[in-house]
Amino acid sequence: MSTPFSLFIPRDSGMHRLHPLTKLTLVGFCLVGGLFFPGIWLTYIAFLVIILPLAAWGRILRPFLSAVIKTTLPFAVSLVLVQGLFWPGGTPVLELGPLSFKEEGLIFAARGTGRILMIVSSFLLLTFTTRADELMLTLSQKGVPDNIAYIMLTTLQIVPRFQSKANTILDAQRSRGLETEGNLLTRARALLPLIQPLLLGSIVDIEERAIALEVRAFGRRGSKTTLLVLHDTTWQRVMRWLLVLATLAVLAWRIYLWLEPRIQG
Amino acid sequence: MIRLRDITYHYPRATTPALDKLSLEVPAGQLCAVIGANGSGKSTLCYALAGFVPHFYRGQLSGHIEVAGIDVAQSSLAEIAGTVGLVFSNPFNQITGARFTVHDEIAFGMENMGVPPDEMRARIDEVLRFAGLTDLADRSPFALSGGQQQRLAIVSVLVMRPKVIILDEPTSQLDPVGSKEVFAVLRDLAAAGESTIILAEHKLEWVAVFADRVLVLQDGRLVADGPPREILTGDNLHDWGLEPTRYTQVARSALNAGRRDNGEALPATLEAAVEYFR
Amino acid sequence: MTIAVEEVEFTYPGGANALRGVSLRIGSGEAVAIIGENGAGKTTLVKHLNGLLKPDKGAVVIGGNGNDAPWNTRDHSVAQLAARVGFVFQNPDDQILERTVRAEVAFGPRNLGMPEAEINAAVQSSLEQVGLTDAADNHPYDLLAPQRKLITLASVLAMRTPIVIFDEPTMGQDARSVARIGEIVKDLKSAGRTVLIITHDIDFCADHFERIVVMADGRVLADGAAEQVLTRTELLATTNVEPPQLVRLAQALGLPHAPLTIDGLVVTLLQ
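Protein chains in written order, with the working numbering: chain A, 1 to 265; chain B, 1001 to 1278; chain C, 2001 to 2271.
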């Protein structure tokens, strides 16, 4: 099931066996929580107490952490540097040689990083533990049109396909004397002969694939069947409702915080 | 099963027609090979029978196309799917990307048609065996070789049990043994009355063995129509940009070199050639 | 120019399609066909000849007798080896990058540093050889797929390399184009070039190639004169290859030997 064209990591775990809708609801909660949790630290607590244990339960802890760090760290570093160093009129709180970090900037960076951490890690948790075709089926059952689900599913495949095509094209051009080894300028110039074949070739591929999809009745409107069997349980349904309530509670709390000074004043 | 009346088609912005006043009738259960030089209109005819001309390729189409009772030009591609199947030459582009194992990839078309799961599983097993892909059922379709992908592309359409199957050079990546196997299955499907098959091909040796009928296209026009042996041993093959099989060439050469002419028909296949020279 | 493949072993990073100790010596001006089932290692072997792949063990040496220095492929880039080994790939759409057929065919020669006058001459004669002179100023994509294949053929011919390798050149081509490609092979042979082909078209093999190398499972199963190799029906069957039509006929009729030409067979039949 794991292929070069998908992010899914196959494991035998409870997390993997959860219905995709449950995991989608969790992502929804994390999205809202990540955006609207008050304070700085709730997002980090949610990550440590909810998301991380789920990743452990899914037996994907190491690749999960590696992916979380790879995606979140660049944001964290740039936030700390940009906001920490350049917060206008801020209170210096940390001096490192000529660099002076402002307290307000660091707080902003901490809050922002927490948000990104919670949202991104929940998406990673979903994609690593959910088969893409099961996810697509769930979306279809909830009314997402087939072609949108298909695009969501296959967008990730474009990158490895492009890479593989680019390599084939590069091999062909090298065989016609195009020098690709050497200094940076030579290597950069070697990229130009890739463009036309890559684009035109990809257009032909996309056209033919669209034809193949039509032949396989993808555009048909009637009822469709599936070989997939999704298992849902009562306690998952309960959990989903709790998550929805929690999400609404966060929104309500946020609205209250926003309204409070206006009511009082 | 297939009825074309005066079909003329121009690709967008083309001055010469790709299909030129073509008329044709194919009864059910026939394996009809379409041969002709490059650019003669074989592929265009295949796309027209499946509705992709004009629904996909636009351009101007005049005339009447009826396939399995469906007026192809007036119906949508979704209505045509399942009744008419198309397999084209590039196997990689026929992998949908929506499924992650060979097994599920084959199921995709049937799922869209609403076939019950048990029926799907039975058909998939049958078709995996035919294609020699049973051991690869759990692999990703992208991890197969070109030849394996081509077999996968063919069976993914066959499994939908279309009434009419159109194949445009479906064996380009297969070695000779593999090609023969595909043609044999197509012949069996047609003979069992389960499907009507249109096969555009260059490999005349196998056309001679497996086809019930041969159509020759030239510049978008139907210039010959008849049984394989008659067409492939005729004198006009060169004018149409084609070359007869070696078996025919040897027989002709032997006659020219002094072999007595008993008035028997020239052979186009190995079997006929053996008969001829005994 | 000669080709020396010495005990080459190769495994792809994924583990597939290995070469398990292949040795081959091809003399200057020889015409060799490499046949065998899909996955036998034919393309893998041939990609070692222009440096696209480098052997894990063993060596590939291009040239070395006569005036040209021997080049171990490990010591040269693919672009450098392109001056000696021309490679016609299967899919033309993987390389067409110019807006006219003429410019496309000139790409290779220009990379090799040919002087402008020589490039023009080379492009002109290659286009004539493939029959695309009238289409020289068209955009390559205005031509049908089989004709685009002829463009890639012309592109390599124009590079005037001493060694030319064809990977499935007749796939999807009609009889006229196959005949034209056959003429091109003949011309290359008369010009003393070394010609290699990978093909499933066994009849085309028999028509034009005197030496046949049969591969299966990353190894060379047989290597010899066409008359000998193409009649070994059982051996060929192990790698999914069927003998040429004429050989099959001769064997089915129980003839004493199986010629590879129509005239040869007719003579045998009338005896």
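Where a beta carbon is used, it is the ideal one built from N, C-alpha and C, also for glycine.
Nearest neighbour of residue i, chosen from the options [CA to CA]
i, options, result
"residue 2051 of chain C", "C/2058, C/2157, C/2079, C/2180", "C/2079"
"residue 2083 of chain C", "A/25, A/189, A/174", "A/174"
"residue 239 of chain A", "A/11, A/29, A/10", "A/29"
"residue 1268 of chain B", "B/1258, B/1227, B/1260, B/1262", "B/1227"
"residue 88 of chain A", "A/75, A/108, A/183", "A/108"
"residue 1192 of chain B", "B/1180, B/1016, B/1030, B/1014", "B/1030"
"residue 1003 of chain B", "B/1211, B/1066, B/1195, B/1198", "B/1066"
"residue 2195 of chain C", "C/2229, C/2241, C/2049", "C/2049"
"residue 2173 of chain C", "B/1181, B/1201, B/1146", "B/1201"
Inter-residue CB distance, residue i and residue j (contact presumed, cutoff 8 Å)
i, j, result
"residue 2175 of chain C", "residue 2040 of chain C", "27 Å between Cβ atoms; not a contact."
"residue 1233 of chain B", "residue 1189 of chain B", "Not really, about 27 Å apart at Cβ, beyond 8 Å."
"residue 198 of chain A", "residue 166 of chain A", "6 Å"
"residue 120 of chain A", "residue 71 of chain A", "5 Å"
"residue 2206 of chain C", "residue 2158 of chain C", "About 28 Å separates the two Cβ atoms, so there is no contact after all."
"residue 57 of chain A", "residue 15 of chain A", "5 Å"
"residue 2042 of chain C", "residue 2198 of chain C", "5 Å"
"residue 1019 of chain B", "residue 1009 of chain B", "4 Å"
"residue 2095 of chain C", "residue 169 of chain A", "6 Å"
"residue 2246 of chain C", "residue 2259 of chain C", "7 Å"
"residue 142 of chain A", "residue 1114 of chain B", "Wrong, their Cβ atoms sit about 19 Å apart, outside the cutoff."
"residue 1270 of chain B", "residue 2248 of chain C", "6 Å"
"residue 1213 of chain B", "residue 1032 of chain B", "5 Å"
"residue 2088 of chain C", "residue 2156 of chain C", "5 Å"
CB contact below 8 Å: residue i versus chain C
i, result
"residue 1280 of chain B", "Since the first and last residues shown for chain B are 1001 and 1278, residue 1280 of chain B lies out of range."
"residue 1100 of chain B", "no"
"residue 164 of chain A", "no"
"residue 177 of chain A", "yes"
"residue 1175 of chain B", "yes"
"residue 1013 of chain B", "no"
"residue 1038 of chain B", "yes"
"residue 1274 of chain B", "yes"
"residue 266 of chain A", "Look at the range of chain A in this structure, 1 to 265, and you will see that residue 266 of chain A is not part of it."
In DSSP terms, what residue i is bridged to
i, result
"residue 2002 of chain C", "None, per the DSSP bridge assignment."
"residue 92 of chain A", "A/102"
"residue 2087 of chain C", "C/2165"
"residue 2219 of chain C", "C/2216"
"residue 1046 of chain B", "Note: residue 1046 of chain B sits in no beta bridge, so no partner."
"residue 1032 of chain B", "B/1198, B/1213"
"residue 39 of chain A", "Residue 39 of chain A is not bridged to any residue."
"residue 163 of chain A", "BP columns for residue 163 of chain A are empty, so no partner."
"residue 1165 of chain B", "B/1085, B/1197"
"residue 2010 of chain C", "C/2019"
"residue 1225 of chain B", "B/1215"
Cutoff 8 Å: residue i Cβ touching any chain B Cβ
i, result
"residue 1979 of chain C", "The structure shown does not extend to residue 1979 of chain C, since chain C is modelled only from 2001 through 2271, so no value can be given for it."
"residue 2272 of chain C", "One cannot answer for residue 2272 of chain C here, as it falls past the ends of chain C, which runs 2001 to 2271."
"residue 2177 of chain C", "yes"
"residue 224 of chain A", "yes"
"residue 2202 of chain C", "yes"
"residue 2252 of chain C", "yes"
"residue 154 of chain A", "yes"
Residue-chain proximity (residue i, chain A), Cβ-Cβ < 8 Å
i, result
"residue 1168 of chain B", "no"
"residue 1093 of chain B", "yes"
"residue 1130 of chain B", "no"
"residue 1107 of chain B", "yes"
"residue 1008 of chain B", "no"
"residue 1156 of chain B", "yes"
"residue 1115 of chain B", "yes"
"residue 2155 of chain C", "yes"
"residue 1112 of chain B", "yes"
- request: Residues of the region 2039-2052 of chain C with a CB closer than 9 Å to any CB of chain A: list them in chain order, please.
  value: 2047, 2050, 2051, 2052
message: At a CB distance below 7 Å, what residues from the region 2095-2110 of chain C approach chain A? Give them in sequence order.
response: 2095, 2096, 2097, 2107, 2108
query: Along the region 240-256 of chain A, what residues have a CB closer than 7 Å to any CB found in chain B?
result: none
task: Using a Cβ-Cβ cut-off of less than 8 Å, list which residues of the region 121-151 of chain A approach chain B; keep chain order.
output: 131, 132, 133, 136, 150
query: Name the residues in the region 184-217 of chain A whose C-beta lies less than 9 Å from a C-beta of chain B; which are they?
result: 204, 205, 206, 207, 208, 209, 210, 211, 212, 213, 214, 215, 216, 217
message: Please list, in chain order, the residues of the region 2005-2038 of chain C that have any C-beta partner in chain B closer than 7 Å.
response: 2037, 2038
- prompt: Between the region 1187-1208 of chain B and chain C, which residues of the former have a C-beta closer than 7 Å to a C-beta of the latter?
  reply: 1202, 1205
field: chain C contacts from the region 1229-1258 of chain B (Cβ-Cβ distance under 8 Å)
entry: 1241, 1242, 1243, 1245, 1246, 1247, 1249, 1250, 1253, 1254, 1257, 1258
task: Please name the residues in the region 2071-2086 of chain C whose beta-carbon is closer than 9 Å to at least one beta-carbon of chain A, in chain order.
output: 2077, 2078, 2079, 2080, 2081, 2082, 2083, 2085, 2086
task: Could you name the residues of the region 1137-1150 of chain B whose beta carbon sits closer than 9 Å to any beta carbon of chain C, in the order they occur along the chain?
output: 1143, 1145, 1146, 1147, 1148
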